[in-house]
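Have a look at the structure below before the remarks.
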Amino acid sequence: MKSSLGLSALVGLTLSFHAFGGGNPEFVKFPENYTQTFSQYDTANRANQTQLAKFYANEVAVDSYKQGEEAAPGSIVIMEIYAPKKDAEGKIQSGEDGLFVIDKLAAVAVMEKKADWDAAFKAEDRSGNWGFALYDPEGKAKDNDLSCAQCHNPLQKQDNLFSFQKLVDYVKGH
10 MKSSLGLSAL VGLTLSFHAF GGGNPEFVKF PENYTQTFSQ YDTANRANQT
60 QLAKFYANEV AVDSYKQGEE AAPGSIVIME IYAPKKDAEG KIQSGEDGLF
110 VIDKLAAVAV MEKKADWDAA FKAEDRSGNW GFALYDPEGK AKDNDLSCAQ
160 CHNPLQKQDN LFSFQKLVDY VKGH
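Okay, so the sequence shown: first residue is 10 according to the numbering used here, each after it adds one.
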């Protein structure tokens, strides 16, 4: 009985360490002052229809897309995730523009592209050369058990970005 309990604990512990599934702050760091140094290229209600997102890209990403290329190594894309305000019945409030009214910043998702990731950062936890991490509003690592790579992998023709067209449209206008 003891050995099966020990084995169960070991399996559970192993699964919890592997639960990163694509988000890993050990390799994808939080970029300080990104709101001052990155370009904000979009604000949109998320596809899950429960959050609003603001999107930012660093100069490397913007310059790459301006040249009509996919993002170069060193590109960083940020998605700030906001909880929307709700009315007394719990219904999400929208502004006149159709965007959810922001209540508070809930998380900051970071995507970083590198050509030379550390071998310890498994390829199956990345999408192409993009790595992922999730942070709280203060820049501290959040629970990163999301399967970022799994959702981004089908988007190879869009450089693995859900907001690809919005970023392309932004750089064409600037």
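For every residue, glycine included, the Cβ atom is placed at its ideal position computed from N, Cα and C.
6 Å CB neighbourhood of residue i in its chain, flanking five on each side removed
i, result
"Lys-113", "Ala-92"
"Val-69", "Ala-81, Gly-83, Ser-84"
"Phe-64", "Tyr-50, Asp-51, Met-88, Ser-172"
"Lys-184", "No information on residue 184 is available, as it lies outside the stretch 10 to 183 that the chain covers here."
Simplified DSSP assignment, three categories, for residue i
i, result
"Leu-164", "helix"
"Ala-116", "strand"
"Ser-62", "First, the residue type needs correcting, since residue 62 is Ala and not Ser in the sequence shown. Looking at Ala-62 - three-state DSSP - the assignment turns out to be strand."
"Ala-129", "coil"
"Ala-158", "helix"
First through last residue of the alpha helix (DSSP H) which encompasses residue i
i, result
"Asp-178", "173-181"
"Asp-72", "68-75"
Inter-residue spacing [alpha-carbon to alpha-carbon] between residue i and residue j
i, j, result
"Lys-175", "Glu-98", "33 Å"
"Gln-60", "Phe-109", "7 Å"
"Asn-42", "Arg-135", "25 Å"
"Gly-31", "Val-37", "Annotation note: pLDDT 42 at Gly-31 (below 50); position unreliable, coordinate value reported separately. Looking at the two C-alpha atoms, the distance is approximately 10 Å."
N- and C-terminal bounds of the beta strand (DSSP E) containing residue i
i, result
"Thr-52", "48-54"
"Val-86", "85-93"
"Ala-142", "139-144"
Contacting residues, own chain, Cβ-Cβ under 8 Å from residue i (five flanking each side not counted)
i, result
"Lys-151", "Ala-116, Leu-143, Tyr-144, Asp-145"
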